[in-house]
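Participant:
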Amino acid sequence: MGDVETMPEGRYIVPALTQGLTLLGLFSRERPALTPPDIARELGLSRATVFRLLHTLETMGYVQREDGDRQYRLGPAVLGRGFAYLASLDLVEVAQPALRRLRDEAGMSSHLAIRDGRDVLYLARFPARSTMASSVQVGTRFPVHGTILGRMLICELSDAELKELFPEATLPRFSEQTPKTLAALKKLLKEDRARGYAVSQSFFERGVSAIAAPVRDNNGTIVAAINVTTVDGSVTQADMSGRFKDLLLDTAREISSHIVSEQNLARTLVTSAGR
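The sequence shown begins at 105 in this note's numbering and counts up by one.
#1: Mapping the DSSP letters down to three states, classify Leu190 as helix, strand or coil.
#2: Do Leu216 and Ala328 count as a contact pair if the criterion is CB distance below 8 Å?
#3: Determine the direct distance from the alpha carbon of Thr139 to that of Ser279, and round the result to whole angstroms.
#4: For the candidate residues Ala144, Tyr176, Lys290 and Leu149, whose alpha-carbon lies nearest to that of Pro136?
#5: Should the segment 304–323 be called in touch with the segment 224–236, which here means at least 3 C-beta pairs below 8 Å?
#6: Please determine, among Ile363, Phe270, Pro180 and Val198, the residue with the shortest C-alpha to C-alpha distance to Asp223.
#7: What's the call for Leu164, buried or exposed, on a 16-neighbour Cβ count within 10 Å?
#8: Determine whether the beta carbon atoms of Val255 and Asp296 lie at a separation below 8 Å.
#9: Could you check where the alpha helix (DSSP H) with Pro140 kicks off and where it finishes?
#10: Please go through the same chain and pick out, in chain order, the residues whose beta-carbon is closer than 6 Å to the beta-carbon of Thr355, but skip the five residues on each side of it.
#11: Taking C-alpha atoms, which residue in Ser345, Glu134 and Arg156 lies nearest to Ala144?
#12: Tell me whether the beta-carbon of Tyr301 lies closer than 8 Å to the beta-carbon of Leu227.
#13: Tell me the start and end of each unbroken beta strand (DSSP E) in the segment 214–267 that is at least 3 residues and wholly inside, in chain order.
#14: Taking Cβ to Cβ, would you say Ile326 is nearer than 8 Å to Ala316?
#15: Quick one: using the 10 Å Cβ neighbour count with 16 as the cut-off for buried, is Pro318 buried or exposed?
#16: The alpha helix (DSSP H) spanning Ala152 covers which residue range?
#17: Which residues share a DSSP beta bridge with Tyr176?
#18: In whole angstroms, what separates the C-alpha of Leu266 from that of Leu158?
#19: If we count the other Cβ atoms within 10 Å of its Cβ and call it buried at 16 or more, is Lys294 buried or exposed?
#20: Quick check on the DSSP output: the beta strand (DSSP E) that includes Thr333 runs from which residue to which?
#21: Excluding sequence positions up to five away, which residues of its chain have a Cβ less than 6 Å from the Cβ of Gln281?
#22: Report the CB separation of Leu149 from Gly124 in whole angstroms; it is logged as a contact under 8 Å.
#23: With distances taken Cα to Cα, identify the nearest neighbour of Val240 among Arg347, His249 and Leu225.
#24: What is the DSSP secondary structure of Arg277, reduced to helix, strand or coil?
#25: Can you grab the Cα-Cα spacing for the pair Leu195 / Val335, in whole Å?
#26: Strictly by DSSP, which residues pair up with Pro318?
#27: Helix, strand or coil: how does DSSP classify Ser132 here?
#28: Taking the Cβ atom as the reference point for each residue, do Met212 and Thr340 lie within a distance shorter than 8 Å?
Here is the structure:
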């Protein structure tokens, strides 16, 4: 990276943010560790400014001190953001073969989704090979609290996170089964969390049955969810809660294992590059 004069300028540019990101860009495989004087000289900034930048980045985990506090290296937060980005890029590609096989073995439409705020966002879809195929398309959004796919995505959020996500006293309703309040939603989420999956009939859309399960990364964090859907009455509830649930959970574990493998590979590559 060059000196501070090469940083972007404009009325909407935040100088401190630009300086912090440029500072992070100074670290490389060839220079994994830098001292504050090195950074001040490279960026053309005062030592006081560099101290404030480093203190902020260290507090957030983006850099960490070593060698008796004289040098700084990139911290775990940088790697964590990188792994999350790599996982998001690979998620659909990793999941597609498993979702296709799930569709074929279950004879139902299969889907993969992530959470975007208060919405479920569909990233992949394999419609059933029948007239009962799901009409959901990639890019479709549904309310996260109104679907069992969404419930899988938020079932492990803390009370504080749920309160921030749903601050209103009454939640929007989409069917007779939609929870009316955060307390009612929490009750469902507690049951989902204990069960590890969810089964529904007409929970969001009348006439549609579904099973949903979470997909996890190598930290065990839920990063996505998958489901299969069919028309109510086309399969028995015993089968929905039995062999189809087992197929879904096996598929969720398979996708999760691929994500873990991809992230472990990325971690190895990043660690090796920093040596």
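Ideal Cβ placement from N, Cα and C applies to all residues, glycine included.
All values derive from a computational prediction rather than experimental measurement.
Facilitator: If we stick to the structure as given:
#1: Any reading at Leu190 needs caution, since the residue's pLDDT is 49, under 50, leaving its predicted position unreliable; the model's value is listed next. It is helical.
#2: yes
#3: Straight-line Cα distance between these residues: approximately 60 Å.
#4: Tyr176
#5: no
#6: The shortest C-alpha separation from Asp223 is found at Phe270.
#7: The question names Leu, but residue 164 is Met in the sequence shown. Exposed is the label assigned to Met164, since fewer than 16 other Cβ atoms lie within 10 Å of its Cβ.
#8: Looking at the sequence provided, one finds Arg at residue 255 rather than Val. Contact: yes.
#9: Pro140 to Leu147
#10: Same-chain partners within the cutoff: Ala202 and Leu206.
#11: Arg156
#12: no
#13: 223–230 and 245–247
#14: With respect to Ala316, Ile326 sits apart: the two C-beta atoms are not nearer than 8 Å.
#15: buried
#16: For Ala152, the uninterrupted alpha helix (DSSP H) segment begins and ends at Arg151 to Thr163.
#17: Leu138 and Arg169
#18: 33 Å
#19: exposed
#20: Ile326 to Val335
#21: Phe307
#22: So it is not a contact: roughly 11 Å between Cβ atoms.
#23: Leu225
#24: coil
#25: 28 Å
#26: Ala329
#27: coil
#28: no
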